């Protein structure tokens, strides 16, 4: 069996999709909040029968491979590898070469895994490093769970160890583990030296980089891997691979700042927690979090930088429709809080969060809001937060609360909010890109719907004779495939000879017909609807041909090609007659 078919047979589409969003039964299909856009109602339709997950609102999705590519941001080859690994399907190496070189990504992953093993060995043999982690309250179980290690205080110990394991200098540098000062410099030195090492994983649990915490007096307390083929900090959340099941079950994620903060939460038994990795929260992070959670709780450092980071995070999360909460600690961060009072931290994380804007209003109550500058700055800050809320009811509720805190009217605050929203509204684009072009998949035309209905009502296939044969693209392929099926043979999607991409789109087309309840019609109603769509498709085809012939006719006339002009003029008149007949 072909590997792609075997993977599909072993991995139902609903099983794959359920790893990213919660599914609800709806008739013979399932629905979910779409992970590809800011979806307020479940618009992702999952069809176990067709093996398709598709959103007709944003026009994203497809079979398991297309869905996986889009949600993971990878190409087909990577999707094939990942899903084969998940399902236990062995992929054949399609090459005649006697030995197959692993691709670059695989080699870099192997290099990072080898480095992680080396760092763990070094930690177990370093009394100094072990004393440090014990002092920080990290148990042996947590050391193993987070694969924490130690990079020795040596010029090139890691580099030398990896060379001995067969990795090239180029691979070690590309993995972000070695540094070459310049092209003339022969020697390579270790990026991480005398540092406690935290492997950074993607959400699947694969190591993509490292974070290193100095155990010396370096100016840089933390050093992270540089951006590379595997490590993209704008889309990596530290600890997510450990947290995603707990997040999915609770629908809540707790966001903290650092590696030790994540570990501190695990110390007190709270596991639905992750941290950004060497950067502020990004839109990509939010997109990932929305796959698992509806509520985000911010538990960031209590200093000014932490407060600023919390506000930026709130704006991103709230704009995407997530409910945002905050936990206020009396200590600097969760790590300090776990050391001071573990049970109190656990209670705060599990039951002590309040809506984020309420926490900001609490801060404002302690300010002297009669001072003009303080009042203006606080108002601007608050209105910016309220403006990020995606629901009008929430905005109205908080304007009422704010009016009470600031001793003003809701009307005045509403006017200020409208001014702020107008200032922040994006300028209109010079020329908007059609939605179809943006998504790569167009809306279904009357021509395509005609074909989809004929596939669904195969006894009406003779109506296809009323359709002007399409001459390009997906409709042409499907039209010819239907026409090639003998009249006495069953006509279904499975019996059509279609290339992979066209078959996937045909499945989506049938799902579209099912979604709009076209399949509930009587045969007579279906015949009327097919004829109506065929008429619309024919009119579109004739208009297109009319424009095309008109351009050619003008060109021939300008160039003085008399014979060609006469021939085109005859064709043009014929098209005009047909167009009038078609209405």
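Residue numbers (the working numbering): 1324 to 1906.
A virtual CB, placed ideally from N, CA and C, is assigned to each residue, including glycine.
From a predicted model like this one, the values you see are computed outputs, not experimental measurements.
When the distance is taken between beta carbons, is residue j closer than 8 Å to residue i?
i            : j            : result
residue 1684 : residue 1728 : yes
residue 1535 : residue 1600 : no
residue 1413 : residue 1330 : no
residue 1736 : residue 1726 : yes
residue 1367 : residue 1344 : yes
residue 1371 : residue 1335 : yes
residue 1579 : residue 1657 : yes
residue 1853 : residue 1901 : no
residue 1832 : residue 1771 : yes
residue 1825 : residue 1808 : no
residue 1687 : residue 1701 : yes
residue 1388 : residue 1450 : no
residue 1871 : residue 1880 : no
residue 1722 : residue 1740 : yes
residue 1590 : residue 1672 : no
residue 1868 : residue 1898 : yes
residue 1679 : residue 1649 : yes
residue 1393 : residue 1404 : no
residue 1595 : residue 1611 : no
residue 1592 : residue 1544 : no
residue 1597 : residue 1629 : no
residue 1339 : residue 1379 : no
residue 1704 : residue 1682 : no
residue 1490 : residue 1437 : yes
residue 1713 : residue 1642 : yes
residue 1498 : residue 1434 : yes
residue 1406 : residue 1369 : no
Out of the options, state which residue places its alpha-carbon closest to the alpha-carbon of residue i.
i            : options                : result
residue 1495 : 1670, 1431, 1658, 1895 : 1431
residue 1791 : 1811, 1769, 1587, 1810 : 1769
residue 1480 : 1514, 1452, 1468, 1503 : 1514
residue 1604 : 1638, 1573, 1627, 1615 : 1638
residue 1486 : 1893, 1476, 1500, 1575 : 1500
residue 1363 : 1644, 1677, 1354       : 1644
residue 1806 : 1459, 1820, 1614       : 1820
residue 1526 : 1554, 1551, 1559, 1520 : 1559
residue 1361 : 1554, 1613, 1596, 1582 : 1613
residue 1660 : 1630, 1624, 1649       : 1624
residue 1838 : 1376, 1540, 1395, 1465 : 1376
residue 1373 : 1402, 1835, 1733, 1861 : 1835
residue 1565 : 1586, 1549, 1581       : 1586
residue 1397 : 1863, 1381, 1428, 1410 : 1428
residue 1307 : 1803, 1663, 1788       : The structure shown does not extend to residue 1307, since the chain spans only 1324 to 1906, so no value can be given for it.
residue 1633 : 1865, 1602, 1616, 1663 : 1602
residue 1626 : 1655, 1863, 1606, 1616 : 1655
residue 1409 : 1332, 1774, 1732       : 1332
residue 1873 : 1664, 1896, 1859, 1860 : 1896
residue 1857 : 1818, 1793, 1447, 1664 : 1793
residue 1461 : 1546, 1662, 1568       : 1662
Spell out the partners DSSP gives residue i in its beta bridges.
i            : result
residue 1547 : 1534
residue 1922 : Residue 1922 is absent from the structure shown; the chain starts at 1324 and stops at 1906.
residue 1541 : Per DSSP, none; premise fails for residue 1541.
residue 1878 : In DSSP, residue 1878 forms no bridge with anything.
residue 1518 : 1474, 1537
residue 1598 : 1561, 1579
residue 1678 : 1648
residue 1513 : 1501
residue 1777 : Answer is none; residue 1777 lacks a bridge partner.
For residue i, would you say it is in contact with chain D, using Cβ-to-Cβ distances shorter than 8 Å as the test?
i            : result
residue 1480 : In summary, chain D is missing from the structure at hand, where a single protein chain is found.
**OP:** Count the CB pairs spanning the stretch 1779-1789 and the stretch 1841-1849 that are closer than 8 Å, and state whether there are at least three.
**Re:** Touching, yes.
**OP:** Entirely within the stretch 1408-1495 and at least 4 residues each: give me those alpha helix (DSSP H) ranges in chain order.
**Re:** Fully enclosed alpha helix (DSSP H) runs of 4 or longer: 1427-1447, 1450-1458, 1463-1468, 1480-1487.
**OP:** Can you check the stretch 1815-1842 for any alpha helix (DSSP H) of at least 4 residues that lies completely inside it and give the ranges in chain order?
**Re:** If you keep only unbroken alpha helix (DSSP H) runs of at least 4 residues inside the stretch 1815-1842, you get 1823-1838.
**OP:** Write down every uninterrupted run of the alpha helix (DSSP H) in the stretch 1687-1755 whose length is 4 residues or greater and which is fully enclosed by it, in chain order.
**Re:** As far as the stretch 1687-1755 is concerned, its whole alpha helix (DSSP H) runs of at least 4 residues are 1695-1711, 1715-1729, 1733-1747.
Subject >> Contained beta strand (DSSP E) runs [length at least 3] in the stretch 1339-1401, N- to C-terminal order >> reply: Within the stretch 1339-1401, the complete beta strand (DSSP E) segments at least 3 residues long are 1347-1349, 1352-1355, 1367-1370, 1375-1378, 1383-1385, listed from N- to C-terminus.
**OP:** Flag this pair as touching only if the stretch 1515-1524 and the stretch 1465-1480 have three or more C-beta atom pairs under 8 Å; answer yes or no.
**Re:** Segments in contact, yes.
Subject >> Cβ pair count under 8 Å reaching 3, the stretch 1456-1471 against the stretch 1544-1555 >> reply: The stretch 1456-1471, when compared against the stretch 1544-1555, does not touch it at the 8 Å Cβ threshold.
Subject >> Within the stretch 1611-1648, ranges of the alpha helix (DSSP H) (whole runs, at least 4 residues) >> reply: With a minimum length of 4 residues, the continuous alpha helix (DSSP H) runs that stay inside the stretch 1611-1648 are 1627-1642.
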